[in-house]
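Here the protein sequences line up with chains V and F, keeping their order. Heads up: the first sequence is residues 5 to 287, going by the numbering used here. Heads up: the second sequence is residues 467 to 895, going by the numbering used here. Cβ atoms here follow ideal geometry from the backbone N, Cα and C, with glycine treated the same way. Just so it is clear, the structure is predicted and the values come from calculations on it, not from any experiment.
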Amino acid sequence: MALPIYATPFQRAWHYTFWFICGLVLLFLMAPILVIVPLSFNAEPYFSFTQGMLSLDSEAYSLRWYEDFFSNKMWLLAVKNSIYIGVASTCLATVLGTLAALGLSRQHMPYRGTIMGLLISPMIVPLIITAAGIYFFYARLGLAGNLWGLILAHTVLGTPFVVITVTATLSGFDISLIRAGLSLGASHSRIFFKVIMPLILPGVISGALFAFGTSFDEVVVVLFLSGAEQTTIPRQMWSGIREQISPTILAVATLLVGLSILMLTTIELLRRRSERLRGQSPG
Amino acid sequence: MNEMVARTDTLNPLTADAREFEGKALRAQLARSTRLEKAKALLLVLPLLLFIGIMFIFPLADMMLRSTDNGPVAELMPDTATRLLDWDQSTLPDEAIYAALARDIQTAQKERTLGKIATRLNFELSGIRSLLTKSARKLAQMESSDESWKQRLVQIDQRWGELATWSAIKRVLPSVTATFYLSSLDLAYDAKGEVVRKPPERAIYVDNFIKTFAISLGVTLSCFILGFPVAYLLSVLPTAKANLLMICVLLPFWTSLLVRTTSWIALLQTHGIVNDLLVWLGILNEGNRLDMMYNMFGTVVAMTHILLPFMILPLFSVMKSIDPSFMRAATSLGASPFTAFIRVYLPQTKPGIAAGSLLVFILAIGYYITPALVGGRTGQMISNFIAYHMQQSLNWGLAAALAVILLIIVLILYWLFNRIIGIDKLKLG
Chain V
5 MALPIYATPF QRAWHYTFWF ICGLVLLFLM APILVIVPLS FNAEPYFSFT QGMLSLDSEA
65 YSLRWYEDFF SNKMWLLAVK NSIYIGVAST CLATVLGTLA ALGLSRQHMP YRGTIMGLLI
125 SPMIVPLIIT AAGIYFFYAR LGLAGNLWGL ILAHTVLGTP FVVITVTATL SGFDISLIRA
185 GLSLGASHSR IFFKVIMPLI LPGVISGALF AFGTSFDEVV VVLFLSGAEQ TTIPRQMWSG
245 IREQISPTIL AVATLLVGLS ILMLTTIELL RRRSERLRGQ SPG
Chain F
467 MNEMVARTDT LNPLTADARE FEGKALRAQL ARSTRLEKAK ALLLVLPLLL FIGIMFIFPL
527 ADMMLRSTDN GPVAELMPDT ATRLLDWDQS TLPDEAIYAA LARDIQTAQK ERTLGKIATR
587 LNFELSGIRS LLTKSARKLA QMESSDESWK QRLVQIDQRW GELATWSAIK RVLPSVTATF
647 YLSSLDLAYD AKGEVVRKPP ERAIYVDNFI KTFAISLGVT LSCFILGFPV AYLLSVLPTA
707 KANLLMICVL LPFWTSLLVR TTSWIALLQT HGIVNDLLVW LGILNEGNRL DMMYNMFGTV
767 VAMTHILLPF MILPLFSVMK SIDPSFMRAA TSLGASPFTA FIRVYLPQTK PGIAAGSLLV
827 FILAIGYYIT PALVGGRTGQ MISNFIAYHM QQSLNWGLAA ALAVILLIIV LILYWLFNRI
887 IGIDKLKLG
């Protein structure tokens with residue numbers, strides 16, 4: 005948005021005001037993330053900057069909250085559970101979601117709209133309602149208070165993301181590629197692995213990342229369904245915020261920000277790769 | 467086409483009958499192959515459909531049914547239940563019913579089911595729990611006498627001589643109840659069994675639904691006001707610069723909700739960073755720090771922050787597709803930049819505005835975590851009441867009724883979203 009040379013003073017003023025407004029909004033978006041990183045190195049158990057931190061006194065900074073995190077049994081159990089539940093539910097959600105997306109993108113799919121609506125609904129229904137329904141039902145199946153219940157529930161919550169991303173990748177899919185493969189004598193399974201898979205893989209992986217992110221961040225269902233043994237990172241943070249506010253959660257938060265940067269970068273790289281594969285210029 | 471038919475005729479000299487026969491066969495073949503294709507497509511979708519059906523839709527439906535389920539009282543007090551069926555609620559029941567009730571209470575006490583009865587009845591008329599336990603205790607101590615059961619029970623507690631108590635019992639006997647829905651709408655039965663409004667101090671849910679709507683609307687509006695300029699800026703900047711700024715939108719989007727909520731607590735609490743900054747700048751005195759956390763303000767700020775990317779991303783993708791020459795054409799035809807924006811640019815962004823606003827509103831109306839953590843007393847939304855009745859008061863019927871009402875609202879919005887934008891247009895990242 006460059007300013008033309010012939011801009012009137014009023015246009016000039018508006019131009020800079022507009023940039024200023026946008027700058028404020030972007031600051032609003034980034035501030036919480038920017039603030040939490042330095043705070044996690046606070047040597048004092050406070051949630052705000054101390055005099056020492058502001059004057060960049062090295063005494064005022066410490067790694068004690070990180071040490072606390074890595075030596076706390078509950079936190080380590082939470083990390084283990086979160087990864088376990090996240091990986092297992094992501095695998096399930098990815099397989100189920102990709103298959104469904106392949107079906108939904110077929111030309112002759114009957115009741116496409118209705119089925120798509122049903123499959124996406126776990127994303128739309130308020131989490132508290134999902135959690136309440138799942139709690140009653142899973143308790144009866146003996147799935148409350150163990151990891152399997154959480155894995156299945158998180159699979160439900162993760163599948164819509166996989167369905168959406170893979171269907172989106174398939175929408176630009178050129179069906180003549182399959183015909184070309186067939187006419188050249190390839191078997192159906194060979195076409196799936198050599199032609200379809202490489203093309204939809206970026207969508208599958210980004211869907212899987214969304215599913216993992218959802219599971220890794222989900223707390224409402226966990227609150228209803230888990231006992232003390234099945235604590236997860238978000239659940240520990242939840243009780244940390246509610247009961248004893250200790251800066252350890254700031255250290256965890258910083259580590260999670262690092263994780264989200266990693267995921268965001270991966271998604272972005274995948275998006276570019278997908279667009280390159282489909283012959284569009286990266287935008 | 468005619469030429470084609472003519473050529474086939476010459477090549478393939480079949481009679482008209484034979485041609486029709488062949489046509490039919492071809493149609494049948496086509497139908498068969500389409501059916502096969504349909505079956506294949508369905509087969510691929512089936513595993514997930516079954517999974518979602520069993521693990522999600524069925525549990526939801528099951529929970530919804532609790533909102534009209536009247537509970538086990540009729541089975542646990544069988545004698546009273548059958549006798550009360552014919553009672554017309556205009557006068558107190560007769561001696562036989564009092565006797566049946568006394569027997570049923572004593573049996574329930576022995577079989578330890580009185581607690582269940584008392585819990586259910588207490589949702590109907592508060593205070594009835596203590597009445598039942600008190601009566602059970604006194605009945606056990608009572609020696610046999612000539613007095614009628616009616617006299618004895620009224621002696622134990624005069625509430626047994628009130629119509630309200632009896633009509634409450636009669637109401638929990640049918641298998642289906644409307645009590646929980648009435649409660650959700652701040653209505654209740656009076657002693658005569660007619661529906662009346664609850665007294666204002668006990669009417670909380672209608673107000674809370676309105677408040678939930680207001681908060682969601684406020685969040686949607688602030689997301690729109692904050693998101694529109696940024697989406698516009700991102701759509702007109704050169705790609706490299708836009709990508710850089712896009713990180714500011716996407717990083718929060720990918721950051722854990724709890725991390726962001728924690729961070730807002732650090733920023734907005736009384737001794738938080740914003741207040742510290744304002745005091746340091748001399749805008750505020752040490753004494754009058756602002757209360758920005760643990761109230762409705764904190765909830766709206768934190769929710770706006772969390773939902774803002776859901777507004778910016780759809781707006782951005784629509785704005786990106788708007789041809790800038792329209793605006794240039796408008797100005798060259800003499801429109802002021804303002805008029806050109808209102809009459810030419812804004813109408814073209816409508817699909818983005820609709821998608822972003824509906825998405826933010828749908829997500830906001832069911833919000834639970836943020837209000838629970840930073841809402842304090844004034845920032846609670848309907849989801850928090852559902853959680854309260856699920857976990858603390860254990861009034862699952864009321865929780866289910868509130869959930870059904872919330873779900874209906876969300877599903878209407880979802881349907882609207884699907885009609886206007888289409889879920890297949892929903893993009894992520």
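Flag this pair as yes or no: are the beta carbons of T500 of chain F and H112 of chain V separated by less than 8 Å?
For the pair T500 of chain F and H112 of chain V, the CB atoms are nearer than the 8 Å cut-off.
Less than 8 Å between C-beta atoms, sequence neighbours within five positions excluded: which residues of the same chain meet that for A574 of chain F?
L542, M543, L580, I583, A602
So with Cβ pairs under 8 Å, would you call A190 of chain V a contact of chain F?
no
Starting from L692 of chain F and walking both ways along the alpha helix (DSSP H), at which residues does that stretch end?
For L692 of chain F, the enclosing alpha helix (DSSP H) covers residues 671–702.
Would the beta-carbon of T94 of chain V fall within 8 Å of that of G27 of chain V?
no
Where do the N-terminal and C-terminal ends of the beta strand (DSSP E) with Y50 of chain V fall, by residue?
Careful: Y50 of chain V lies outside any beta strand (DSSP E) and carries neither H nor E.
So, do the stretch 810–828 of chain F and the stretch 774–786 of chain F have three or more beta carbon pairs nearer to each other than 8 Å?
yes
For G738 of chain F, would you say it is in contact with chain V, using Cβ-to-Cβ distances shorter than 8 Å as the test?
yes
Using the C-alpha atoms, what's the distance from A697 of chain F back to A708 of chain F?
10 Å
For A547 of chain F, tell me which candidate among F:D570, F:E561, F:T557 has the shortest Cα-Cα distance.
F:D570
Does the beta carbon of G121 of chain V come closer than 8 Å to any beta carbon on chain F?
With 8 Å as the cut-off, G121 of chain V counts as an interface residue toward chain F.
Please list the terminal residues of the continuous alpha helix (DSSP H) segment that includes A257 of chain V.
252–281
Answer with yes or no whether the minimum CB distance from C689 of chain F to chain V is below 8 Å.
no
Return yes when the Cβ of G211 of chain V is within less than 8 Å of the Cβ of T54 of chain V, no when it is not.
no
Just to confirm before moving on: does the CB-CB distance between E734 of chain F and M769 of chain F stay below 8 Å?
A quick correction: the sequence has Leu, not Glu, at residue 734 of chain F. No, the Cβ-Cβ distance between L734 of chain F and M769 of chain F is not below 8 Å.
Starting from Y65 of chain V, follow its DSSP beta bridges and name the residues at the other end.
V:N46
Is DSSP giving L733 of chain F helix, strand or coil here?
helix
Taking Cβ positions, are S849 of chain F and G832 of chain F nearer each other than 8 Å?
yes
Excluding the five sequence neighbours on either side, which residues of its own chain have a C-beta within less than 7 Å of the C-beta of M120 of chain V, listed in chain order?
L108
Does the stretch 524–540 of chain F touch the stretch 137–151 of chain V, meaning 3 or more C-beta pairs lie closer than 8 Å?
yes
Less than 8 Å separating the beta-carbons of L683 of chain F and L700 of chain F?
no
Residues of the stretch 212–242 of chain V in Cβ contact with chain F at a cutoff of 7 Å, in chain order, please.
Listed in sequence order: F214, G217, D221, V223, V224, P238, M241, W242.
Can you tell me whether K636 of chain F is buried or exposed, with buried defined as 16 or more other CB within 10 angstroms of its CB?
buried
I need the DSSP call for Q495 of chain F, collapsed to helix, strand or coil.
helix
Check distances from the C-beta atoms of the stretch 16–29 of chain V to those of chain F and list, in chain order, the residues that come in under 7 Å.
F22, I25, C26, V29
Run the proximity test for M201 of chain V: is its beta-carbon closer than 7 Å to any non-hydrogen atom belonging to the ligand SAM?
Absence of the ligand SAM from the depicted structure is noted, as is the absence of any ligand whatsoever, leaving it without description.
Is the separation between the beta-carbon of T728 of chain F and that of I124 of chain V shorter than 8 Å?
no
Identify the contact partners of E752 of chain F in chain V, using a Cβ-Cβ distance below 8 Å as the criterion.
Within 8 Å Cβ-Cβ: nothing; E752 of chain F doesn't reach chain V, min ~14 Å.
With distance defined between alpha-carbon atoms, name the residue in V:I271, V:P8, V:T269, V:G231 nearest to W152 of chain V.
Nearest to W152 of chain V by alpha-carbon distance, out of V:I271, V:P8, V:T269, V:G231, is V:G231.
Any Cβ of chain F within less than 8 Å of the Cβ of T163 of chain V?
It does; some Cβ of chain F falls within 8 Å.
Would you report the Cα separation of M201 of chain V and G519 of chain F, rounded to the nearest angstrom?
C-alpha separation (whole angstroms): 27 Å.
Would you please state the rounded distance, in angstroms, between the beta carbons of P718 of chain F and P775 of chain F? I believe it to be under 8 Å.
Contact check for P718 of chain F and P775 of chain F: beta-carbon distance about 6 Å, within the 8 Å limit, so the pair qualifies.
Within this structure, are the beta carbons of I237 of chain V and V83 of chain V separated by less than 8 Å?
V83 of chain V sits close to I237 of chain V, with the two beta carbons spaced by under 8 Å.
Return the residue from the list F:V539, F:D552, F:E561 that minimises the CA-CA distance to F589 of chain F.
The residue with the shortest Cα to Cα distance from F589 of chain F is F:V539.
Can you pull the DSSP bridge partners for A654 of chain F?
F:V662
At a Cβ threshold of 8 Å, is N861 of chain F touching chain V?
No, no contact with chain V.
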